Amino acid sequence: MGVLMRTGWSSRQYTDAFLNQKSDGGHSPGPDSQLPLWLANERNVIGWGSEPVGTDAGQAHALAKPFPCHHDMHGSNKFGLSSLANLHLLPPTGSVLITPPLKIKQGSGSPCRVLALVERNVR
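Take any residue in the sequence shown, note its place counting from 1, add 8, and you have its number in our numbering.
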């Protein structure tokens, strides 16, 4: 099971408002600093996805434990997906994500087109 954080951030589209840069860096929503470690260890999730440009909050560099998703979630070999759109169209549970990455030689990440499969209401 993976966890997706729906915030409405994708409604900003990819503009200056999406990046939301201020003099001290980006400002975007992200998980509490203790959540990624708890999800990785206590819930054994396979990954984390979010709508903003990164999987951590925009100000994650200033947390007591900086970049918790990168260290605790991705450091535990769990996937990370960012810049997701249309999460408001998904049901709270039960979606299946298809996330084929591009194969990049010696890359630490890859763009991918994320598709969600949801059960269709049949009448």
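Using N, Cα and C, we set each Cβ at its ideal position, and we do this for glycine too. Remember, it's a predicted structure, so these values are computed and weren't measured experimentally.
Next on the checklist: Classify residue 81: buried if its beta carbon has 16 or more other beta carbons within 10 angstroms, exposed otherwise.
Outcome noted: Taking the sequence shown and counting its residues from 1, the one referred to as residue 81 is at position 73. Buried, since its Cβ has 16 or more Cβ neighbours within 10 Å.
Next on the checklist: Quick check on this structure: which residue in 35, 17, 22, 129 has the alpha carbon closest to the alpha carbon of residue 66?
Outcome noted: Stepping through the sequence shown from its first residue, residue 66 is reached at position 58. Answer by Cα proximity: 35.
Next on the checklist: Using only the alpha-carbon positions, how far apart do residue 70 and residue 29 sit?
Outcome noted: Indexing the sequence shown from 1 puts residue 70 at position 62. Indexing the sequence shown from 1 puts residue 29 at position 21. Between residue 70 and residue 29, the C-alpha separation is close to 15 Å.
Checklist entry - Okay, do the segment 71–79 and the segment 103–118 touch, 3+ Cβ pairs below 8 Å being the bar? => result no
Item to check | Outcome for residue 77 when other beta-carbon atoms lying within 10 angstroms are tallied against a minimum of 16 | outcome: Your numbering for residue 77 matches position 69 in the sequence shown. Its Cβ being crowded by 16 or more others within 10 Å, residue 77 is buried.
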